[in-house]
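Data first, discussion second: the structure below is written as structure tokens.
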Amino acid sequence: MPLELVTIPCLKDNYAYLVHDAESGETAVIDVPEAGPISAALKERGWTLSHILLTHHHWDHIDGVADLLKDHPAKVIGAEADAHRLPPLDIAVAEGDTLRIGGEPVQVIDVSGHTVGHIAFYFADSKLAFTADSLMALGCGRLFEGTPDQMFDSLSKLAALPADTLICSGHEYTQSNGKFALTIDPDNPALISRIEQVQKARAEGKATVPSLLSEELATNPFLRCNDPKVKASVGMIDAQPSSVFAEIRKRKDSF
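Heads up: the sequence shown at position 18 corresponds to 18 in the UniProt record's numbering, and the numbers run straight through without jumps.
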């Protein structure tokens, strides 16, 4: 059976996620921006936290770990490459490693770019990818530490996952990302339709993440760098997709 997924709003515009295996009772949280909403979600469902999975070191993804551990002892898992700036890890992982949550294997994917050492967690059986600030709904994370080539390679790995994978990203940025996407891909009917749906959801106070990878492939300009229309839009019709990505990211930075 697929794991149960719970999306938890945190802070101003962050998301944490719970995944729960009903058979074993194991429950993992992916990123801990703050402890309160996560503790409340666990209590409401009667779940016991077993694992804390951390994607990267930024404060708005890890600041609640110490407080959460006070009431919910759990194994803390994060990137070996990032261990020096994460909360103390019980298990340090790297790309290619496989974890288990309940009965389900979890692949670790290096998605450096936003930071160096950023990882994603892919639950193939449940069709879930926790991408935090790498691949985001209609966008990707700003390159605080990595290079455009690193982020392009990271997004290429995620784009190669099955199209029905649910992309569980770290922030409610979809509306602003959509406004930028329209400057790159203005005649894309799938993008126009999606932006309308996003605006309706936000007006109703609903989250716009997770999102299907198929949606991102059809509408996210950072995954469409080989599309002739996108290339033409940025005046780079003969350029390599990685160069087109770098140009789009540069434009987003000043948008």
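Where is the CB? At the ideal position from N, CA and C, for every residue including glycine. Just so we're clear, the structure is a prediction, and the values are computed from it rather than from any experiment.
Nearest-angstrom Cα separation, counted from residue j out to residue i
{"i": "I8", "j": "R100", "result": "22 Å"}
{"i": "T27", "j": "I77", "result": "13 Å"}
{"i": "P73", "j": "A35", "result": "12 Å"}
{"i": "D71", "j": "V108", "result": "27 Å"}
{"i": "K252", "j": "S242", "result": "15 Å"}
{"i": "C10", "j": "K250", "result": "28 Å"}
{"i": "E204", "j": "A137", "result": "18 Å"}
{"i": "D187", "j": "Q197", "result": "17 Å"}
{"i": "P189", "j": "Q199", "result": "16 Å"}
{"i": "G102", "j": "G235", "result": "49 Å"}
{"i": "K12", "j": "E44", "result": "22 Å"}
{"i": "L69", "j": "P37", "result": "14 Å"}
Neighbourhood of residue i by C-beta distance below 6 Å, restricted to the same chain and skipping five residues each side
{"i": "R194", "result": "T219"}
{"i": "E4", "result": "H20"}
{"i": "H57", "result": "D82, R85, L86"}
{"i": "V111", "result": "H118, A120, S134, S154"}
Residue from the options whose Cα sits closest to the Cα of residue i
{"i": "I248", "options": "A120, K206, F180", "result": "F180"}
{"i": "F152", "options": "Q240, A40, A132", "result": "Q240"}
{"i": "I62", "options": "E104, H118, L182", "result": "H118"}
{"i": "T127", "options": "T98, I30, D164", "result": "The residue asked about is misnamed: residue 127 is Lys in this sequence, not Thr. The shortest Cα separation from K127 among T98, I30, D164 belongs to D164."}
{"i": "E210", "options": "P189, V6, D187", "result": "A small fix is needed here, since residue 210 is Pro in this sequence, not Glu. Looking at the Cα atoms, V6 is the closest of the given residues."}
{"i": "P162", "options": "S214, D187, T48", "result": "S214"}
{"i": "S24", "options": "W47, D187, Y122", "result": "W47"}
{"i": "L18", "options": "I52, L11, M1, K12", "result": "I52"}
{"i": "G96", "options": "E145, F121, I192", "result": "F121"}
{"i": "L42", "options": "L54, V29, P33", "result": "V29"}
{"i": "A16", "options": "S254, G146, A129", "result": "A129"}
{"i": "T55", "options": "L89, G103, E44", "result": "L89"}
{"i": "A160", "options": "A124, V32, I91", "result": "A124"}
{"i": "R202", "options": "N226, E44, E172", "result": "E172"}
Close-in-space but distant-in-sequence residues of the same chain around residue i (CB under 8 Å, 5 per side omitted)
{"i": "I237", "result": "P228, K231"}
{"i": "T98", "result": "P105, V106, Q107, V108"}
{"i": "L212", "result": "A163, D164, T165, L166, I167"}
{"i": "I192", "result": "L182"}
Nearest-angstrom Cβ-Cβ length linking residue i and residue j, presumed shorter than 8 Å
{"i": "E80", "j": "V93", "result": "6 Å"}
{"i": "G141", "j": "G178", "result": "With 8 Å as the limit, G141 and G178 do not qualify as a contact, their Cβ atoms being about 16 Å apart."}
{"i": "P148", "j": "F222", "result": "That belief does not hold up - the Cβ atoms of P148 and F222 are roughly 10 Å apart, past 8 Å."}
{"i": "N14", "j": "D60", "result": "5 Å"}
{"i": "T183", "j": "T208", "result": "Actually they are not in contact, since the Cβ atoms of T183 and T208 sit about 19 Å apart, beyond 8 Å."}
{"i": "S50", "j": "K75", "result": "7 Å"}
{"i": "G139", "j": "V116", "result": "Going by Cβ atoms, the distance from G139 to V116 rounds to 20 Å, so no, they are not a contact pair."}
{"i": "S233", "j": "D185", "result": "7 Å"}
Contacts around residue i, its chain only, beta-carbon distance under 7 Å, and the 5 residues preceding and following it disregarded
{"i": "L135", "result": "L155, L158, I167, S169, E216"}
{"i": "L143", "result": "G113, H114, M151, R249"}
{"i": "T131", "result": "V111, A120, L158, I167, C168, S169"}
{"i": "I91", "result": "K75, I77"}
Cβ-heavy atom distance, residue i to the ligand MG, below 7 Å
{"i": "R142", "result": "Looking for the ligand MG in the displayed structure turns up nothing, as the structure carries no ligands at all."}
Neighbour flag for residue i against chain D, beta carbons, 8 Å
{"i": "V106", "result": "Of the protein chains in this structure there is only one, and it is not chain D."}
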